[in-house]
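For what it's worth, my numbering labels the leading residue of the sequence shown as 392, then goes sequentially. A short write-up of the structure that comes next.
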Amino acid sequence: MQRMLASLPGLVVVTGVTLAASVATLHAVISHTLGRQHWLESPSGLVSTLAFGGLLALGLLAVLPLAGFLAGACRLLRAHRLLHGLVRGAVPTRVGSREVWRLSLPGLACFVAGTVRQRIFVSPVTLNLEPQTREAALLHEEAHLRQRAPLRRSLLSLFAATWWFISAARRLAEHESVRLEVEADDDALRSGAGRRPLFDAIVQAATLKVPSGAGLATVAVGPRLERLAGTSAAVPKAGGGLITVVVGAAALSPVVAHLGVLLSVACF
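The following block contains the structure:
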């Protein structure tokens with residue numbers, strides 16, 4: 392499961408299967424309960440009663456991820472609107488061989504944004520940094536471009552919102568967000584960034600919060616600074632066993648719902 396979340400197709404598949412299973416389960420529950428009024432009008436045996444109760448429980452379970460997904464999608468849309476207002480008026484400029492987009496923002500702003508056309512956005516303070524610090528920040532953001540980090544972070548937030556009632560799912564999504572940042576740090580170091588310049592850039596950028604973007608200091612600032620300082624080398628691991636079972640159960644829930652209906656009808 393953790394490997395699936397590391398790829399864009401995996402994120403789409405996991406979230407899509409969850410939502411499709413929820414919709415199919417709700418369809419099964421509604422069609423077989425409302426379509427068979429005699430379940431409510433006449434006494435039934437214990438097996439039929441239990442089957443009917445199981446269907447209602449499955450229906451409630453199907454509502455939870457759908458409600459979470461819709462709430463997460465609304466939050467994501469609000470964040471994108473905020474980000475759109477933040478980057479409006481940005482002008483292209485060149486830093487060496489790179490094209491970046493300059494913003495009129497105070498403080499050190501350096502982040503990647505955009506779902507389809509991803510770009511690096513920087514503030515005047517970023518452009519006026521010491522050359523080594525500026526280079527480290529830009530190398531980190533170039534790594535996010537290769538990762539397609541904004542899109543991955545959006546999908547991860549939807550995944551976490553869909554499974555909001557399962558703490559393991561939220562921890563897994565948070566772990567993957569941290570992993571994206573750590574990989575970008577490591578990629579920047581391999582590309583020639585110095586540890587100290589990258590450390591300084593992250594510290595200065597931590598004062599600016601960027602909505603819906605893969606910013607230089609958006610996620611896990613403390614653990615990343617510890618890694619760069621040499622006091623910690625590992626990223627906390629997230630267990631994905633429970634969430635694998637949950638996703639599998641969601642995929643099988645329509646089958647279970649239909650089996651419950653067939654069992655109840657057969658017992659009349």
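Glycine residues also receive a C-beta, built at the ideal position from the N, C-alpha and C atoms.
For this session: Spatial neighbours of Q538 within its chain, please: CB distance less than 8 Å, with the 5 preceding and 5 following residues excluded, ordered by chain position.
Result: Taking the first residue of the sequence shown as position 1, residue 538 is located at position 147. So the list reads L571, E574, A575, A605, once near-sequence residues are dropped.
Exercise. Can you check whether the CB of A551 is closer than 8 Å to the CB of A564?
Worked result: Counting from 1 along the sequence shown, the entry for residue 564 is found at position 173. Counting from 1 along the sequence shown, the entry for residue 551 is found at position 160. Their beta carbons are under 8 Å apart, which means A564 touches A551 by this criterion.
Problem set entry | Boundaries of the alpha helix (DSSP H) in which V507 is found, first to last residue | For the purposes of this step, residue 507 is identified with residue 116 of the sequence shown, where counting begins at 1. First-last for V507: undefined, no H or E at that position.
For this session: Hey, could you find the ends of the alpha helix (DSSP H) E526 is sitting in?
Result: As a first step, residue 526 must be located in the sequence shown, where it is residue number 135. Where E526 is concerned, the enclosing alpha helix (DSSP H) stretches over 522 to 538.
Problem set entry | Distance between beta carbons of A481 and R493, contact taken as under 8 Å | Along the sequence shown, one-based indexing puts residue 493 at 102. Along the sequence shown, one-based indexing puts residue 481 at 90. Sure, about 6 Å apart at Cβ, within 8 Å.
Exercise. Using a C-beta cutoff of 8 Å, does L616 count as contacting chain C?
Worked result: Considering every chain present, this structure includes no chain C. It has just one protein chain.
Exercise. Roughly how many angstroms lie between the CA atoms of E567 and L546, to the nearest whole one?
Worked result: By one-based count along the sequence shown, residue 567 stands at place 176. By one-based count along the sequence shown, residue 546 stands at place 155. C-alpha separation (whole angstroms): 11 Å.
For this session: State buried or exposed for G476, treating a residue as buried only when at least 16 other CB atoms are found within 10 Å of its CB.
Result: Walking along the sequence shown from the start, residue 476 turns up at place 85. Flag for G476 reads exposed.
Problem set entry | Sequence-distant residues of its chain with Cβ nearer than 6 Å to R587 (five each side left out) | On the sequence shown, position 196 is the one that residue 587 refers to. Cβ neighbours of R587 beyond the five flanking positions: none.
For this session: Say whether the stretch 451 to 458 touches the stretch 412 to 419, bearing in mind that this needs 3 or more beta-carbon pairs closer than 8 Å, one atom from each stretch.
Result: yes
Exercise. Distance, Cα to Cα, R466 vs V513?
Worked result: Taking the first residue of the sequence shown as 1, we reach residue 466 at position 75. Taking the first residue of the sequence shown as 1, we reach residue 513 at position 122. Approximately 25 Å, taken between the alpha carbons.
Exercise. Does the distance from the CB of A458 to the CB of L549 come in under 8 Å?
Worked result: What you label residue 458 is simply residue 67 of the sequence shown in a count that begins at 1. What you label residue 549 is simply residue 158 of the sequence shown in a count that begins at 1. Going by C-beta atoms, A458 is not nearer than 8 Å to L549.
Problem set entry | Simplified DSSP assignment, three categories, for T517 | Sequence index remark: in the sequence shown, residue 517 carries index 126 (1-based). Helix.
Exercise. Nearest-angstrom Cα distance between G621 and G407?
Worked result: Walking along the sequence shown from the start, residue 621 turns up at place 230. Walking along the sequence shown from the start, residue 407 turns up at place 16. Looking at the two C-alpha atoms, the distance is approximately 40 Å.
Problem set entry | Alpha-carbon spacing of W554 relative to R561, whole angstroms | As a position in the sequence shown, residue 554 is number 163, starting the count at 1. As a position in the sequence shown, residue 561 is number 170, starting the count at 1. Taking the straight line joining both Cα atoms gives about 7 Å.
Exercise. With a CB to CB cut of under 8 Å and the five nearest residues on each side skipped, what residues in its chain are close to L536?
Worked result: Stepping through the sequence shown from its first residue, residue 536 is reached at position 145. So the list reads V503, Q509, I511, once near-sequence residues are dropped.
Exercise. Pick from P400, L447, V405: whose alpha carbon is nearest that of S422?
Worked result: Position 31 of the sequence shown, counted from the start, is the residue given in the question as residue 422. Per the Cα distances, L447.
Problem set entry | Bridge-paired residues (DSSP) for V491 | Reading the sequence shown from its first residue, position 100 is the one you call residue 491. Note: V491 sits in a beta bridge opposite T484.
Problem set entry | V503 in three-state terms, based on DSSP | As a working mapping, residue 503 is identified with position 112 in the sequence shown. Strand at V503.
For this session: List the whole-angstrom C-beta distance separating F590 from L616, where the pair is believed to meet the contact cut-off of C-beta under 8 Å.
Result: As a working mapping, residue 590 is identified with position 199 in the sequence shown. As a working mapping, residue 616 is identified with position 225 in the sequence shown. At roughly 6 Å, the Cβ-Cβ gap stays under 8 Å, so F590 and L616 are in contact.
Exercise. Are P614 and V569 touching if we call contact CB-CB under 8 Å?
Worked result: On the sequence shown, residue 614 is found 223 positions in, with the first residue counted as 1. On the sequence shown, residue 569 is found 178 positions in, with the first residue counted as 1. Yes, the Cβ-Cβ distance between P614 and V569 is below 8 Å.
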